[in-house]
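In our numbering, the protein residues as written are 22 to 217.
Just so it is clear, CB atoms sit at the ideal spot from N, CA and C, and this is done for glycine as well.
What follows is a short report on a single structure.
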């Protein structure tokens with residue numbers, strides 16, 4: 022039996038049996054060849070002592086970020102700086118959500134973001150004020166239009182009496198007219214009545 026000790030989670034080949042190296046307690050007697058992925062000298066030694074062929078596959082070296090190792094104190098400072106930066110960003114975002122923008126006291130990225138967002142926030146405020154002013158103007162114009170409509174529909178009080186008198190003359194003479202006819206058109210119709 023071909024036996025592989027590995028921590029892989031997929032890519033298993035048929036015909037091989039897989040084991041987790043961290044769970045190794047003793048050799049498996051029916052193993053004919055063993056492949057060990059990683060550095061597990063106790064597994065290699067146990068199978069070699071039992072006379073089984075063992076192949077060791079080295080894991081790729083871990084990727085080192087940066088060119089120097091970070092000392093514990095430097096790492097603590099770096100983490101504290103990152104936490105401060107995060108806190109400053111949270112304060113900036115919370116203020117923006119509330120509709121305000123406040124200059125953060127610390128955090129390089131938060132300060133840069135404030136510098137970029139400040140003019141944008143001011144422009145949005147100006148646009149909002151201008152929009153509100155235009156809405157008030159539009160509302161005023163709507164009121165004026167409604168007043169003009171009412172004035173066009175309802176003639177002045179003295180004129181209403183004159184229109185009623187003209188309509189009465191036309192009704193008496195059995196002359197048809199539009200219900201919403203103007204005073205001028207009614208006067209013309211009355212003027213065209215035969216003189217009696």
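Burial state of residue i, where buried means 16 or more other Cβ atoms lie within 10 Å
i	result
residue 22	exposed
residue 215	exposed
residue 150	exposed
residue 27	buried
residue 217	Reliability fails at residue 217, whose pLDDT of 49 lies under 50, so the model's placement of it is uncertain and no value is given.
residue 128	buried
residue 131	buried
residue 101	exposed
Host beta strand (DSSP E) of residue i (start-end)
i	result
residue 80	That residue, residue 80, is in no beta strand (DSSP E); it is neither H nor E in DSSP.
Which residues DSSP lists as bridging residue i, in chain order
i	result
residue 280	Lying before the first or after the last residue shown, residue 280 is absent from the chain, which here runs from 22 to 217.
Residue i in three-state terms, based on DSSP
i	result
residue 56	strand
residue 185	helix
residue 148	helix
residue 167	helix
residue 73	coil
residue 207	helix
residue 190	helix
residue 123	coil
residue 31	coil
residue 214	coil
- Query: Taking contact to mean at least 3 C-beta pairs separated by less than 8 Å, is the stretch 31-51 in contact with the stretch 61-78?
  - Reply: The stretch 31-51 vs the stretch 61-78: in contact.
- Message: Quick test of the definition: if touching needs 3 or more C-beta pairs under 8 Å, does the stretch 202-214 touch the stretch 178-192?
- Response: Of all C-beta pairs linking the stretch 202-214 to the stretch 178-192, three or more are shorter than 8 Å, placing the two stretches in contact.
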